[in-house]
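*Asks:*
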Amino acid sequence: MTPPPFASALADLPPVGLAELIDRAALQSRVDRKYVVPLDELPGLLDRIAPSARVLDIGGTRTFRYESVYFDTPCLASYHCAAYRRRRRFKVRTRTYLDSAECWLEVKISGARGLVTKHRLPYRCEDRRTVRSGRDFVDEALDRESIRSAPAGGHLEPVLVTGYRRTTLLLPATASRVTIDTDLHWQDDRRALGLPGVAVVETKTRSAAGPVDRLLWQRGTRPARISKYATGLAALRPDLPDVPWRRTLRRHFRDATGSAAPAPAPTTIPRLTQETSCV
Numbered sequence: 000m001t002p003p004p005f006a007s008a009l010a011d012l013p014p015v016g017l018a019e020l021i022d023r024a025a026l027q028s029r030v031d032r033k034y035v036v037p038l039d040e041l042p043g044l045l046d047r048i049a050p051s052a053r054v055l056d057i058g059g060t061r062t063f064r065y066e067s068v069y070f071d072t073p074c075l076a077s078y079h080c081a082a083y084r085r086r087r088r089f090k091v092r093t094r095t096y097l098d099s100a101e102c103w104l105e106v107k108i109s110g111a112r113g114l115v116t117k118h119r120l121p122y123r124c125e126d127r128r129t130v131r132s133g134r135d136f137v138d139e140a141l142d143r144e145s146i147r148s149a150p151a152g153g154h155l156e157p158v159l160v161t162g163y164r165r166t167t168l169l170l171p172a173t174a175s176r177v178t179i180d181t182d183l184h185w186q187d188d189r190r191a192l193g194l195p196g197v198a199v200v201e202t203k204t205r206s207a208a209g210p211v212d213r214l215l216w217q218r219g220t221r222p223a224r225i226s227k228y229a230t231g232l233a234a235l236r237p238d239l240p241d242v243p244w245r246r247t248l249r250r251h252f253r254d255a256t257g258s259a260a261p262a263p264a265p266t267t268i269p270r271l272t273q274e275t276s277c278v
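Reminder that position 83 of the sequence shown reads as 82 in numbering that gives the first Met the number 0, one-by-one numbering, no gaps.
1. For Q186 and D254, what's the separation of their Cα atoms in angstroms?
2. Go ahead and label Y228 buried or exposed: buried means 16 or more other beta carbons lie within 10 angstroms of its beta carbon, across all protein chains shown.
3. In the DSSP assignment, what are the bridge partners of V186?
4. Based on DSSP bridge pairs, tell me the residues matched to I108.
5. Determine contact between the region 0-17 and the region 39-58, defined as no fewer than three beta-carbon pairs at a distance below 8 Å.
6. Going by beta-carbon coordinates alone, are R165 and F63 separated by less than 8 Å?
7. By alpha-carbon positions, which one of V35, T95, L75, D22 ends up nearest to E201?
8. Residue range of the alpha helix (DSSP H) that Y69 falls in?
9. Please check the pair I225 and V242, which I expect to be a contact at CB under 8 Å, by giving their CB distance rounded to whole angstroms.
10. Quick one: residues in its chain with C-beta nearer than 7 Å to the C-beta of G196, no 5 flanking neighbours on either side, listed in chain order?
11. Taking its Cβ as the centre, do 16 or more other Cβ atoms sit within 10 Å of W244, making it buried, or is it exposed?
12. Our contact map puts Y122 next to Y96 with C-beta atoms below 8 Å; I'd like the distance itself, whole angstroms only.
13. Considering only residues of the same chain and omitting the five flanking positions on each side of S303, which have a CB-CB separation below 6 Å?
14. Return helix, strand or coil for I225, following the three-state DSSP convention.
15. Ends of the beta strand (DSSP E) at A198?
16. With L141 as the anchor, note down where its alpha helix (DSSP H) starts and where it stops.
17. Can you give the beta carbon distance from R29 to T204, rounded, assuming they're within the 8 Å contact cut?
18. Taking only three categories from DSSP, how would you classify C74?
19. Out of P50, L20, L75, P4, which has the shortest C-alpha to C-alpha gap to V158?
20. Take P240 and list the residues in its own chain whose beta-carbon comes closer than 6 Å to its own, dropping the five residues that flank it on each side.
21. Let me check understanding here. Comparing Cα to Cα, which of R134, S109, W216, V211 lies closest to T178?
22. Give the straight-line distance between the Cα atoms of L215 and H79, rounded to the nearest whole angstrom.
23. Going by DSSP in three states, R250 sits in which element: helix, strand or coil?
24. Within its chain, find whatever has a CB closer than 7 Å to the CB of A174; leave out the 5 residues flanking it on each side and keep chain order.
25. Note the first and the last residue of the continuous alpha helix (DSSP H) segment covering R47.
26. Which one of Q217, S145, A208, L248 has the shortest CA to CA distance from R87?
27. Just verifying my parser: in three-state terms, what is the DSSP assignment at S51?
28. When you compare only the Cα positions, how much space is there between R250 and L194?
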């Protein structure tokens, strides 16, 4: 795997193992703030963070490959909840850690004041492109959170695949985390696009802004409206409503030329189901 452009800055950070990271900053209920940062600004940012940060290190590796498959109803209920800024929104996805072949089925709920709650279920890697074997878990999570946009037993089909490389930092003093995602790319059943020149930096705190948020604000970088699912799908499908992400799309996706998606292979998602009826 090619090292990220800020690898030398990462090499100087003290490590933290996965078990300790989870123990100190699991943050299954949290506030997320996302920033789009040019790659060439990351080394300087990491230099400022370094005195108070540790980096996730597993077997000497500090940057990891992720694949997420997002599921939605045939009428894109999850997408439209986000596009129309519903107070309570949901996402259903599988997340695969490609370097370890570990997979999880996840249901993310966005609620009041930006609070995000995540429900996770260990999942078979070979099932990552379907929710059939985990549908009871999905229904229970949505019911527990009083989400009615995806009726129990209704269709949830794969809609979008995202891929990226992630570096995770722990800030022990605030029990918070920062993730840095690079090599971002998206693919639906028709087209694919990538953002090679930027990173998505995401802070994950219990509520109040953390030191990395304040550092980014001092540099003039403000939180961006970007969702790997919704913004990526809006970029690939300009027919969809995109008001919440329009500024991000114009600023960061305007030069990302979508290309025809490659023919499906055994290691990529098959052609996504095309349905017109809603559940």
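Using N, Cα and C, we set each Cβ at its ideal position, and we do this for glycine too.
*Replies:* In short:
1. Near 16 Å, if we compare the C-alpha coordinates of D254 and Q186.
2. Burial check for Y228: the Cβ neighbour count within 10 Å reaches 16 or more, so the residue is buried.
3. It should be pointed out that residue 186 corresponds to Gln in this sequence rather than to Val. BP columns for Q186 point to V160, A191.
4. Paired residues: F89, T116.
5. Output reads yes: the region 39-58 touches the region 0-17.
6. Contact flag set, yes.
7. For the options V35, T95, L75, D22, the alpha carbon positioned closest to that of E201 is the one of V35.
8. According to the DSSP assignment, Y69 belongs to no alpha helix (DSSP H) but to the beta strand (DSSP E) extending over 63-71.
9. Contact flag wrong, Cβ pair sits at about 14 Å.
10. For G196, same chain residues with a beta-carbon under 7 Å away, outside a window of 5 residues either side, are P37, L38 in chain order.
11. That one is buried.
12. About 11 Å separates the two Cβ atoms, so there is no contact after all.
13. This structure cannot speak to residue 303, because the chain is shown only from 0 to 278.
14. I225: coil per DSSP, three-state reduction.
15. Its beta strand (DSSP E) spans residues 197-204.
16. Bounds of the alpha helix (DSSP H) holding L141 are 134-143.
17. R29 to T204, Cβ: 6 Å. Contact.
18. Coil.
19. Considering only alpha carbons, the answer is L75.
20. For P240, the CB contacts under 6 Å within the same chain, skipping 5 residues up- and downstream, are A82 in chain order.
21. Nearest option by C-alpha distance: V211.
22. Their backbone Cα atoms lie some 30 Å apart in a straight line.
23. It is helical.
24. Short of 7 Å from the beta carbon of A174, and not among the five residues preceding or following it, lie these beta carbons of its own chain, in chain order: R23, A24.
25. Counting along the chain, the alpha helix (DSSP H) containing R47 begins and ends at 41-48.
26. R87 has its Cα closest to that of S145, out of Q217, S145, A208, L248.
27. DSSP places S51 in helix when its eight states are reduced to three.
28. For R250 and L194, the distance between alpha carbons rounds to 12 Å.
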